[in-house]
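Peer 1: Residue numbers for the sequence shown follow my numbering, so the first one is -7 and each next one is one higher.
All C-beta atoms, glycine included, are put in the ideal place defined by N, C-alpha and C.
Small disclaimer: the values here were computed from a predicted structure and weren't measured.
Structure below; questions to follow.
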Amino acid sequence: MVDAGAIITPPGQYTHCVDRADYEVPPGPLDAGVPSILAFMLCDYLLGGKLVCLAGGGDECAIGVVVGLEQARGKSGIEAIDNDFSFNLLLAPFQTDDFAKYSPPGTPDPDIVDPHRVRDDAAANGPLGRLLKDSPNPRPLPAPLDRTGIPIIRKPLPQGTATYPVDGYGVLWKLAGTSLADDGREGDNLHKLWDQPSDTDWHAPPRTGRWVPLPVLHAECEGSRIFFVCQALKPFLDILRGKPPGGGPSPGEVCHAVAEDLPWPLDKALDAVCSIVEDLVALVLAVLLAPAMLAAAAAAWEAAQAFDDAFVTGPVARQIKVGDVLIVQGRWVWDAGHSGHTELHPVKAIVKLTTPAGQLPAEVRPAPAGYDPRTNVPAADRATITATQQRWCRLVNEAPPPPDPRNPDGLTGAQLGSLTPAQLAVLTAQQRPENSWTVHPLIDGCAPGRPPAQPG
């Protein structure tokens, strides 16, 4: 059995996911006023409306090698509002050099291997490949935002070779003979690793050297900036929409509700009138509130990053590096925010295995010579890997979270109240005197006492 480090539990859990039947496309300028669109995007869509549950809202667990990092401070402009720390996991039993078998890239691109071909091979031939695809469901996934665009904010992007709705995610590694080398590149949707952008839609793929796009499971440790900014701006947006204090629908919401009951095209005409009136009223109020709104948003923006650096994503990011072998547990979702891909979001638990960098243990890579992603993993090895994954993930799920460092008494009341029966049993065992050693059981440990003899 390979040794493992302590469980890392990223504390940021600000989002939710929605059933694919409940997914809502962001409204257009004639479907809602600008304040309503901003409130929906900021406080509903970005905090979970764009994440579709793939396991009924439940968690999944993966094992693999970290092949790419995406730091919280690596974004610019409006995209920096999403300050999650992310890493990209190459799923067991594959290691990076297994993918050198795709050399040379061939046609139609002599420099980069077809990313969808590589993803399809890994998804079909690896025992954990199902996590790279949609879960079985008779209802199809909705169209991602790269296809639909975001009203007022972003236009639809050229589809290129994207395979909507699940384009997938990958990281480019450089071919170096019979192996691959990390070039420090961040991940992206698969078609963006290959297609040339028509404008500044995405970063252009490299044109020097030869590259293999590693198919990965994207994993996000949530930052708090979207939540903080939402909380700061929501009172102002409610005022701009005319929402009454204490809750209740705004005049615009009532107007749009009336429009829903009208036949076409009267419904669309009334929707447009509702939106225009909301915008005209909001414009006057926005001029008066603009200084306060900007100050509140700026304060929340900076406070969130400082808080995350100290307590949320910062401590996690400092412990994860390329080459780490991890067990990762998190909510399994499809993210509509780009070209569509599956991911773990948020990550809830991470365990680092103490193996050499980039090398999986034999329990999840039984063949010493490795595997060819283009062919099926042998049935016996597949069964071994699957059984190991299920056993290790069950044990991770049974482990209680580490104590809150801000609480001198260990786990907080909220943490204790959230423990499952299995976690509570493990915590109880950890607190027994015979399990409280620090250096070694033979040095500062003790043996459990014998139960007192029963009289009689």
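#1: Quick check on the DSSP output: the alpha helix (DSSP H) that includes R383 runs from which residue to which?
#2: For L83, name the three-state secondary structure that DSSP assigns.
#3: Quick check on this structure: which residue in R111, T7, S127, D300 has the alpha carbon closest to the alpha carbon of L182?
#4: How long is the line joining the alpha carbons of V314 and S410, rounded to whole angstroms?
#5: With distances taken from CA atoms, which of Y161, V388, A287 is nearest A328?
#6: Span of the beta strand (DSSP E) holding T334?
#7: Quick one, which of P119, S95, I145, F32 has its alpha-carbon nearest V369's?
#8: Taking L416 as the reference, give the member of A439, L280, E390, P360 with the closest Cα.
#9: Within this structure, are the beta carbons of L262 and L275 separated by less than 8 Å?
#10: For D401, count neighbouring Cβ atoms within 10 angstroms of its own Cβ and tell me buried if that reaches 16, exposed if not.
#11: What number of angstroms, rounded off, separates the C-alpha of V339 from the C-alpha of Q321?
#12: Looking only at DSSP bridge pairs, what is R146 linked to?
#13: Measure the Cβ-Cβ separation of L133 and L164 and say whether it is below 8 Å.
#14: Spell out the partners DSSP gives G463 in its beta bridges.
#15: Can you give the Cα-Cα distance for S78 and R323, rounded to whole angstroms?
#16: Could you tell me whether the Cβ atoms of Q381 and I55 are closer together than 8 Å?
#17: From E52, G244, A278, pick the residue whose C-alpha is nearest to that of H210; which is it?
#18: For D175, which residues from the same chain have a beta carbon less than 6 Å from its beta carbon, with the 5 sequence-adjacent residues on both sides left out?
#19: Here's a check: name, in chain order, each residue in its chain whose Cβ is nearer than 8 Å to the Cβ of R169, leaving out the five neighbours to either side.
#20: Give the single residue among D300, L206, A292 whose Cα lies nearest to the Cα of H108.
#21: CA-CA distance, L286 and G50?
#22: Just to confirm, are Y6 and V44 a CB contact at a threshold of 8 Å?
#23: Grouping DSSP H, G and I as helix and E and B as strand, with all else coil, what is I73?
#24: What residues in its chain sit with their C-beta under 6 Å from that of A115, if we drop five residues either side in the sequence?
#25: CA-CA distance, I104 and P197?
#26: In the DSSP assignment, what residue or residues form a beta bridge with W324?
#27: Does the distance from the CB of R12 to the CB of R139 come in under 8 Å?
#28: Need the endpoints of the alpha helix (DSSP H) that A296 sits in, please.
#29: At which residues does the beta strand (DSSP E) containing I218 begin and terminate?
Peer 2: By the coordinates alone:
#1: For the purposes of this step, residue 383 is taken as the residue at position 391 of the sequence shown. Its alpha helix (DSSP H) spans residues 371 to 390.
#2: The sequence position of residue 83 within the sequence shown is 91, counting from 1. DSSP places L83 in strand when its eight states are reduced to three.
#3: Numbered from its first residue, the sequence shown carries residue 182 at position 190. That would be R111, whose Cα lies nearest to the Cα of L182.
#4: For the purposes of this step, residue 314 is identified with residue 322 of the sequence shown, where counting begins at 1. For the purposes of this step, residue 410 is identified with residue 418 of the sequence shown, where counting begins at 1. The straight-line gap from Cα to Cα measures roughly 32 Å.
#5: Start at 1 with the first residue of the sequence shown, and residue 328 comes out as number 336. Among Y161, V388, A287, the Cα nearest to that of A328 is on Y161.
#6: On the sequence shown, residue 334 is found 342 positions in, with the first residue counted as 1. First-last of the beta strand (DSSP E) with T334: 333 to 345.
#7: Mapped onto the sequence shown, residue 369 falls at position 377. Nearest option by C-alpha distance: P119.
#8: Position 424 of the sequence shown holds residue 416. Ranking the options by Cα distance to L416, first place goes to E390.
#9: Taking the first residue of the sequence shown as 1, we reach residue 262 at position 270. Taking the first residue of the sequence shown as 1, we reach residue 275 at position 283. Contact flag unset, no.
#10: For the purposes of this step, residue 401 is taken as residue 409 along the sequence shown, with counting starting at 1. D401 should be labelled exposed.
#11: Stepping through the sequence shown from its first residue, residue 339 is reached at position 347. Stepping through the sequence shown from its first residue, residue 321 is reached at position 329. Spanning the two alpha carbons is a distance of roughly 6 Å.
#12: Taking the sequence shown and counting its residues from 1, the one referred to as residue 146 is at position 154. According to DSSP, which records beta bridges pairwise, R146 is partnered with I142.
#13: As a first step, residue 133 is located in the sequence shown; it is residue number 141 there, counting from the start. As a first step, residue 164 is located in the sequence shown; it is residue number 172 there, counting from the start. No, the pair does not count as a contact, with Cβ atoms beyond the cut-off.
#14: Limits of the chain in this structure are -7 at one end and 448 at the other, which puts residue 463 out of reach.
#15: Counting from one through the sequence shown, the residue named residue 78 turns up at place 86. Counting from one through the sequence shown, the residue named residue 323 turns up at place 331. Roughly 14 Å between the two C-alpha positions.
#16: As a first step, residue 381 must be located in the sequence shown, where it is residue number 389. As a first step, residue 55 must be located in the sequence shown, where it is residue number 63. In contact: Q381 and I55 (Cβ atoms closer than 8 Å).
#17: Indexing the sequence shown from 1 puts residue 210 at position 218. Considering only alpha carbons, the answer is E52.
#18: Position 183 of the sequence shown, counted from the start, is the residue given in the question as residue 175. Excluding positions up to five away in sequence, the list reads K166.
#19: For this step, residue 169 is matched to residue 177 along the sequence shown. With the sequence shown as reference, residue 169 is identified as Gly, and Arg is not the correct amino acid for it. Here the set comprises A92.
#20: Your numbering for residue 108 matches position 116 in the sequence shown. It is L206.
#21: By one-based count along the sequence shown, residue 286 stands at place 294. By one-based count along the sequence shown, residue 50 stands at place 58. Distance between the alpha carbons of L286 and G50 is about 37 Å.
#22: In the sequence shown, residue 6 corresponds to position 14, counting from 1. In the sequence shown, residue 44 corresponds to position 52, counting from 1. For Y6 and V44, no; Cβs fall outside 8 Å.
#23: Taking the sequence shown and counting its residues from 1, one reaches residue 73 at position 81. Helix.
#24: Taking the sequence shown and counting its residues from 1, one reaches residue 115 at position 123. Excluding residues within five positions, the ones whose Cβ falls inside 6 Å are G121, L124, K125.
#25: In the sequence shown, residue 104 corresponds to position 112, counting from 1. In the sequence shown, residue 197 corresponds to position 205, counting from 1. One C-alpha to the other measures close to 9 Å.
#26: For the purposes of this step, residue 324 is taken as residue 332 along the sequence shown, with counting starting at 1. In DSSP, W324 forms a bridge with L336.
#27: Here residue 12 refers to the residue found at position 20 of the sequence shown. Here residue 139 refers to the residue found at position 147 of the sequence shown. Their beta carbons are not under 8 Å apart, which means R12 does not touch R139 by this criterion.
#28: Taking the sequence shown and counting its residues from 1, the one referred to as residue 296 is at position 304. Note, A296: alpha helix (DSSP H), 258 to 303.
#29: Counting from one through the sequence shown, the residue named residue 218 turns up at place 226. I218 -> not in any beta strand (DSSP E); alpha helix (DSSP H) instead, spanning 217 to 233.
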